[in-house]
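The C-terminal residue of the sequence shown carries number 508 in our numbering, and the numbering is unbroken.
From the three backbone atoms N, C-alpha and C, an ideal C-beta is built for every residue, glycine too.
Just so we're clear, the structure is a prediction, and the values are computed from it rather than from any experiment.
Input: a single structure, listed below in structure tokens.
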Amino acid sequence: MLLGAHTSISGGLYKSLERGAEIGCECVQIFSKNQQQWKSKPLLPEDVTEFKEAEKRTGISRFFIHDSYLINLGSPDDEKWRRSISAFEDELERANKLGAEVLVFHPGAHLKQMTDDECCDRVADALNLILDGYEGACKPAIENTAGQGSNIGWRFEHIARIIEGVKHKAKMATCYDTAHAFAAGYDERDEKAFTATFDEYDMVVGIKKYLRAFHINDSKVELAKRVDRHENLGHGHIGLKCFELLVNDKRFDHCIAALETPMETHGGHAEDLKKLLKFRAGK
226 MLLGAHTSIS GGLYKSLERG AEIGCECVQI FSKNQQQWKS KPLLPEDVTE
276 FKEAEKRTGI SRFFIHDSYL INLGSPDDEK WRRSISAFED ELERANKLGA
326 EVLVFHPGAH LKQMTDDECC DRVADALNLI LDGYEGACKP AIENTAGQGS
376 NIGWRFEHIA RIIEGVKHKA KMATCYDTAH AFAAGYDERD EKAFTATFDE
426 YDMVVGIKKY LRAFHINDSK VELAKRVDRH ENLGHGHIGL KCFELLVNDK
476 RFDHCIAALE TPMETHGGHA EDLKKLLKFR AGK
């Protein structure tokens with residue numbers, strides 16, 4: 226598993242790679258645009274060139290992208306659903322131009338206007354429209370959620386149902402967030418719990434077939450509280466054992482991982498990354 230962090234694109238997309246290199250990242254996660262806006266400036270050829278040159282300078286050539294928080298492929302509102310599809314297609318195009326491995330997205334929220342299963346099917350319908358004729362190398366990756374509000378994806382079965390409804394399953398991937406899973410009720414705190422949770426994920430979703438990326442975060446909230454709050458590693462309710470097991474699990478050797486822990490406390494990403502690298506080195 227390659228280890229890194231979510232890094233800022235402030236000042237230019239290429240800056241994210243430089244910021245990652247400064248703290249020892251082997252890979253990074255980025256936004257390819259302002260995540261709070263529907264529309265973005267076109268990705269210019271010079272932007273891509275700058276990014277590729279930064280990859281060579283920094284040695285960071287593997288990365289993934291998180292889509293805009295505004296996108297809701299499970300929206301019950303037809304206009305917002307279509308707008309989300311269009312925005313996601315744009316995100317995929319940008320991700321392919323840059324060379325991202327996966328485009329991570331939260332599956333969606335039904336806003337209490339439909340059932341969880343109906344919302345999962347709505348997301349699958351959106352993905353079928355997006356992937357019909359799609360030939361890009363970057364795969365949409367469904368991220369498990371904490372289950373806050375009306376968000377789906379907090380049960381592994383939700384993710385499996387969405388993939389089951391997608392015609393072009395080979396074009397799909399998944400991303401596992403440790404804090405989200407814990408908040409949703411999946412224990413990871415010790416070896417027994419860790420093994421049980423990932424065995425279940427493998428059985429329901431599929432590790433080798435779909436899992437490509439991780440968000441590595443501790444949790445500010447206790448098990449099964451259904452609230453999305455990240456914490457620095459070892460300072461939350463999950464504890465360090467989970468992360469030691471995670472980075473040394475051979476099932477995840479093909480994956481890339483990014484920290485999304487608070488940057489202003491406990492040394493931020495730099496200290497959290499040091500912990501992960503030490504665990505992987507057996508120290």
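Sorted by chain position, which residues of the same chain lie with C-beta nearer than 7 Å to residue i's C-beta, five sequence neighbours on each side aside?
i, result
"residue 446", "408, 452, 454 and 462"
"residue 296", "309, 312, 313 and 330"
"residue 301", "335, 336, 338 and 339"
"residue 470", "416 and 419"
"residue 272", "238"
"residue 497", "457, 458, 484 and 486"
"residue 525", "Outside the modelled stretch of the chain, which goes from 226 to 508, sits residue 525, for which no answer is possible."
"residue 467", "403, 413, 414 and 419"
"residue 394", "388"
"residue 450", "408"
Once DSSP output is grouped into helix, strand and coil, what is the label at residue i?
i, result
"residue 419", "helix"
"residue 430", "coil"
"residue 494", "helix"
"residue 310", "helix"
"residue 449", "coil"
"residue 245", "helix"
"residue 502", "helix"
"residue 276", "helix"
"residue 228", "strand"
"residue 271", "helix"
"residue 411", "coil"
"residue 303", "helix"
"residue 298", "coil"
Bridge partners for residue i per DSSP, in chain order?
i, result
"residue 455", "444"
"residue 401", "439"
"residue 250", "Answer by DSSP bridge pairing: none, since residue 250 is not bridged."
"residue 289", "254"
Taking all protein chains shown into account, decide if residue i is buried (16 or more other Cβ within 10 angstroms of its Cβ) or exposed.
i, result
"residue 269", "exposed"
"residue 307", "exposed"
"residue 233", "exposed"
"residue 320", "buried"
"residue 231", "buried"
"residue 291", "buried"
"residue 294", "exposed"
"residue 490", "exposed"
"residue 235", "exposed"
For residue i, I'd like the list of residues in its chain whose CB is within less than 8 Å of its CB, leaving aside the five on either flank, ordered along the chain.
i, result
"residue 345", "299, 332, 377, 383, 386, 387 and 390"
"residue 175", "The chain is shown from 226 up to 508; residue 175 falls before or after that span and cannot be answered."
Leaving out five residues on either side along the sequence, give the residues of the same chain with a beta carbon under 6 Å from the beta carbon of residue i.
i, result
"residue 404", "442, 444 and 455"
"residue 327", "289, 364, 366, 398, 437 and 438"
"residue 495", "248"
"residue 251", "227, 228 and 229"
"residue 406", "369"
| said: So within the region 457–487, which uninterrupted beta strand (DSSP E) runs reach at least 3 residues, ignoring any that extend past its ends? | reply: 481–484
| alpha helix (DSSP H) runs contained entirely in the region 314–392, provided each spans 4 or more residues | 341–356 and 381–390
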